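Written below as structure tokens is the structure these notes are about.
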Amino acid sequence: MHRIILSISLAVSSSTTAQINNCPIVPTPIRYESHSGTHFLNGKILLDTKDAPEKAVDYLRDRLSVLYEVELLQDDTSGLSISLENVDEAAGYYSITMLPEEQTIRYGSEEGLFYAFQSLTQMIREGNHGWEINHCLIEDEPKFGWRGLHLDVSRHFFSVAEVKRFIDLMAMYKFNVFHWHLTDDQGWRIEIRKYPKLTEIGSWRDSTVHGHYSDQPRKYDIGRYGGFYTREDIREIIAFAADRNVTVVPEIEMPGHSRAALAAYPELSCTGERQPVPGLWGIFDDIYCSRSSSIEFMKDVLSEVIELFPSEYIHIGGDEVPKKRWEACEDCKKVMEENHLENVHELQSYFITQIDEFLTSKGKKLIGWDEILEGGLSPNAAVMSWRGEKGGIAAARQKHTVVMSPTTYCYFDYYQSGNKSEPLAIGGLLPLEKVYQFNPIPEALTEEERKYILGGQANVWTEYIPDFEHVEYMVYPRALALIQSLWCKEKPHYEDFLSNYLKYQEDFLDHLNVHFSRSIHDPELMLERAENGIVARLKAADPNAHFDVRIHVNSGKSSYVNAFVMGTQDSIFLERSTDSIDKIITMKITSDALNDEHVHRFLLHSDLGRPIELITPPHPKYNHNGSLTLVDGNRGAIPWKGDEWLGFREQEVSMIVDMEQLEFVDDITIGFLDDSGSWIYLPESVSVKASKNGRCWKKVNVKPPTDHNHFEGSTYRAILGVKARYLKVTVHPMEEIPAGMPGEGRIPWTFMDEIQMLKRSE
Ligand SMILES: [Zn+2]
């Protein structure tokens, strides 16, 4: 064994470029040594399968036959013949020696053999003489033990065949945990024998919100929607996953996200009120009551879940729990009194601890979303950190195991590009490059604390993902970027990943008939400040890409055509308006490589590209292009992606606008975003100070326009009537989100966009 490792490390240092070009495997193996020459398959591979685990061999046989029509044979006299050797290494370890004189797969355990077979499957490529494998040496093992993908089957339901397809694809990329989000407000999806109404009533809804949650007025698709998995379905899926080295972790949400269950058994809620399974997304006030009968119900349900699922961990949700009902409930107050609980947060902790003790007594481990930290973490609980890294850091410091799944890198329901052609999504922007930067180990942790990080996973919430093709579109290729972070001890640079690995993998995904996103190839419009305006520049992953750009000006006739070739002529200057008349231009970008034309609209107003100094830094998640975002002529839209808005989460947001000369300013308008579902609210007030020199400031008495209200829709407007060069604008958000509103009690988000001043020379 060690002899082989040595020879590999010597060779790697001599030919790095060839190594990358010839190693398309994702996730990238630890060591890959390319050798000249090729094995031709001629329709078959001989595998010495004696003593080899049957399940893995069956899997490979099936895979080779389906993907390449290559037969896996045990004895024959000619052709590529691979021997297997079980070696004394870690369970996930494998090596592949594919040389003229030796073809051997060595593996630590069945798990390692399975990974070797996945790599082998990816190594087969089409040459002039049919399928072939290049000569090489590979040595590999995984970095993290939890490499997960989650799928929400409540908001939209996916068939047994689709769930299997999801697992099959993830297994091909060496993911090993399938987190199955089986229950939520909009549908209960698992058969429970003791409570038949959970599926009779709880798995069906009569309507589904149409378009985006924040659309006003809301529209609904009327019609019965739902479905559930029988115990047989579930056993079938678990066995299918086990054959692919994937553990299925079920999630049963509690005490919130429980409206589907409460529709079936209203007596489990605090009020007992009968309500239908909702067809709207969001967070609902009605949750399980904390009285003992509700907790007994949860234990009964979990008993049946444990019977079905062999996984070590059981996910109990625990996220987004409004405490309004508990605060008003006599039974909940009694539970608090009897157990000496100070507040409703401790009551949630009490609820989860009951469940933790139950699961522990059954030999299982509890895992929940990071809200289970609030009010004190239950003794054996593991934490899935989704609201950034904070929850994961806190849990690891308390010596609890953690799976990292922060929204910043791991929420595959976010948009993957800023292009207008992306299908409707919940909001937020998570491009491939961002996923690639994910590191499950928070910097803040010590060496000792890092041991508690099991790994990471991406979550696929399906409010805006109605069918399975769309699931594939949202997951691939982002899952490939994610697995690089979860598997590789050292991953290649992102640029290498794009130009070498991804290119090969896109062919592989095509071969697998995966409906993956090609957004990464779309040109991106980069905006920069310039004198008297902005410069729009096209950026594309392919340096030789050619795009036609048609620019249409709203005055009507003056449209013209411009050919953009990357690297030569790839930018255009957009000049700010010199009077109060705004010009709108529409830029249409077309190319053979694009399915749709990309349309960008710019308002060439009189403050385009104006210098703005941000005194309050935006939240790093929503700071795509700094202060230029506020004056780039591109108005923030709904549903928002995040790149067209500047987002803040501060008690005060200040900035200085420089008009570059003394001006008489009549008024100012500022765009804000109003999306309570995402905890983004309009500010309470805006104050303005003016200065002629940037040193002495005078408070401006801001007046609302004639209708006595500063806001028209979500656009703020104030009459200033002041002579100045600089304006210091300070936005005052609400101190906290009021009771009864989504995110109550927290600091609201403030999202800002275009700032414009109406000026006149005196
Ligand atoms: Zn109650």
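Quick note on numbering: my numbering labels position 551 of the sequence shown as 537, and the sequence is numbered without any gaps.
The C-beta atom is built at its ideal place from N, Cα and C for all residues, glycine as well.
The model shown is predicted, which means the values in this text are computed figures rather than measured ones.
- Per the coordinates, the alpha-carbon of Tyr400 lies some 6 angstroms from the alpha-carbon of Ile412.
- Distance from the C-beta of Arg504 to the nearest heavy atom of ligand 1 is not below 7 angstroms.
- When secondary structure is reduced to three states using DSSP, Leu744 falls in the strand class.
- Counting along the chain, Ser279 sits inside the alpha helix (DSSP H) bounded by residues 278 to 294.
- The alpha carbon of Glu434 has as its nearest neighbour, out of Leu85, His591, Arg49, Gln384, the alpha carbon of Gln384.
- DSSP places Thr576 in the strand class (E or B) of the three-state scheme.
- The segment 311 to 357 is shown to contain whole beta strand (DSSP E) runs of 3 or more residues at 351 to 355, in chain order.
- Residues close to ligand 1 by the beta carbon criterion (under 7 angstroms to any non-hydrogen atom) are, from first to last along the chain, Cys256, Cys275, Ser276, Arg277, Arg311, Trp312, Cys315, Asp317, Cys318.
- When the five nearest sequence neighbours on each side are left out, the beta carbons in the same chain lying within less than 6 angstroms of the beta carbon of Pro625 are those of His198, Gly413, in order along the chain.
- Within the same chain, Cβ atoms closer than 7 angstroms to the Cβ of Pro428 are found at Glu375, Gly378, Ile379, the five residues on either side in sequence being excluded.
- In the DSSP assignment, Met641 is bridged to Leu600, Val715.
- DSSP places Arg151 within a helical segment (H, G or I) once states are collapsed to three.
- Take Glu510, set aside five residues on each side of it, and the residues of its chain with a beta-carbon closer than 6 angstroms to its own are Lys525, in chain order.
- Here Gln202 is exposed. Its C-beta has fewer than 16 other C-beta atoms within 10 Å.
- Ranked by Cα distance from Ala249, the first of Ala228, Ile273, Val500 is Ile273.
- His115 counts as exposed, since fewer than 16 other C-beta atoms from the protein chains shown sit within 10 angstroms of its C-beta.
- At a Cβ-Cβ threshold of 8 angstroms, Val389 and Gly134 count as neighbours.
- In the three-state scheme derived from DSSP, where H, G and I count as helix and E and B as strand, Trp473 is classed as helix.
- When secondary structure is reduced to three states using DSSP, Ala246 falls in the helix class.
- According to the DSSP secondary-structure assignment, Ser105 is paired through a beta bridge with no residue.
- For the pair Val643 and Val688, the CB atoms are not nearer than the 8 angstroms cut-off.
- For Phe344, same chain residues with a beta-carbon under 7 angstroms away, outside a window of 5 residues either side, are Lys285, Leu288 in chain order.
- Gly663 is not a Cβ neighbour of Pro604, given a cutoff of 8 angstroms.
- Contact between Tyr462 and Ser503 is confirmed by a C-beta separation of about 7 angstroms, below the 8 angstroms threshold.
- The alpha carbon of His142 has as its nearest neighbour, out of Met240, Thr448, Ser244, Gly619, the alpha carbon of Thr448.
- Within the model, the alpha-carbon separation for Asn72 versus Ala38 is close to 8 angstroms.
- In this structure, DSSP gives Phe26 an extended state, which the three-state scheme calls strand.
- Note that the segment 726 to 746 touches the segment 655 to 671; at least 3 beta-carbon pairs, one per stretch, sit closer than 8 angstroms.
- Using a C-beta cut-off of 8 angstroms, the segment 165 to 182 makes contact with the segment 245 to 259, since at least three inter-stretch Cβ pairs fall below that distance.
- The segment 198 to 263 is shown to contain whole beta strand (DSSP E) runs of 3 or more residues at 205 to 212, 233 to 240, in chain order.
- Annotation for Leu184: Trp174, Ile178, Ala247, Ala250 place their beta carbon closer than 7 angstroms to its own, counting only its chain and skipping 5 residues before and after.
- In the assembly as shown, His136 is a buried residue. Its beta-carbon has 16 or more other beta-carbons within 10 Å.
- Separation of the CB atoms of Trp117 and Leu27 is rounded to 4 angstroms, and the pair is thereby assigned contact status at 8 angstroms.
- Cα atoms of Pro128 and Ile281: separation of roughly 39 angstroms, rounded to the nearest angstrom.
- Following the DSSP letters along the chain, one finds Thr394 inside the alpha helix (DSSP H) bounded by residues 393 to 396.
- Membership of Ser51 in the alpha helix (DSSP H) is indicated by the continuous run 40 to 54.
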